[in-house]
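*Asks:* One structure follows; several queries about it will come next.
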Amino acid sequence: MRFMVMVKATADSEAGALPSTEMLEEMSRYNEQLVKAGVLLAADGLHPSSKGARVRFEGGERTVLDGPFTETKELVAGFWIMEVGSWDEIVEWVKRCPNPMPEQTGEIEIRQIFEVEDFGDLATPEVRAIADGVGELRRPDPA
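If you count the sequence shown from 1, position 12 lands on 12 in full-length UniProt numbering, and the numbers rise without skipping.
What follows is the structure, given as structure tokens:
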């Protein structure tokens with residue numbers, strides 16, 4: 001089971017405040033544990049929304065909305081993608097995470113990622129073949 005684990009933005013992260021050296025060290029140690037356990041697929045922090053954009057789709061039209069975005073509680077400041085055996089396991093991993101926003105109340109959201117099998121008969125053989133190819137791109141080389 002794959003999960004996206006999202007660090008919710010705060011006023012500080014949206015202002016572009018960088019983490020302290022201590023926080024970077026703590027987070028690096030946590031990430032190292034994830035790697036050693038073989039559960040980490042990806043992880044990164046994100047620039048504030050002032051350096052981002054959204055593309056709004058309305059029918060055939062595309063509209064680009066430049067940041068910043070005002071609803072901080074809806075924004076993501078960083079993420080991990082992890083592969084674990086169960087919901088309980090991902091929750092336990094997230095509970096071990098250092099508070100990414102130690103000066104404020106931090107929040108991390110956990111969402112399961114759809115696998116092609118979740119779509120049942122809706123996933124045609126062509127869709128499955130493409131999904132398998134994409135999956136190969138994200139799997140680490142065993143060499």
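A virtual CB, placed ideally from N, CA and C, is assigned to each residue, including glycine.
Can you grab the Cα-Cα spacing for the pair V35 / V84, in whole Å?
*Replies:* Position 35 of the sequence shown, counted from the first residue, corresponds to residue 35. Position 84 of the sequence shown, counted from the first residue, corresponds to residue 84. Between V35 and V84, the C-alpha separation is close to 12 Å.
*Asks:* Between which two residues does the beta strand (DSSP E) holding D44 run?
*Replies:* Locating residue 44 in the sequence shown gives position 44, where the first residue counts as 1. Per DSSP, D44 belongs to the beta strand (DSSP E) from 40-45.
*Asks:* For E26, report the span of its alpha helix (DSSP H) as first-last.
*Replies:* Taking the sequence shown and counting its residues from 1, one reaches residue 26 at position 26. Taken as a continuous stretch (DSSP letters only), the alpha helix (DSSP H) holding E26 covers 21-37.
*Asks:* For the stretch 63-121, list the beta strand (DSSP E) runs that are entirely contained and at least 3 residues long, ordered along the chain.
*Replies:* Counting whole runs of 3 or more residues, the stretch 63-121 contains the beta strand (DSSP E) stretches 76-83, 108-112.
*Asks:* Taking the beta strand (DSSP E) that A53 belongs to, which residues open and close that run?
*Replies:* The residue you call residue 53 lines up with position 53 of the sequence shown. From DSSP, the beta strand (DSSP E) with A53 extends over 53-58.
*Asks:* Classify K8: buried if its beta carbon has 16 or more other beta carbons within 10 angstroms, exposed otherwise.
*Replies:* Indexing the sequence shown from 1 puts residue 8 at position 8. Buried is the call here.
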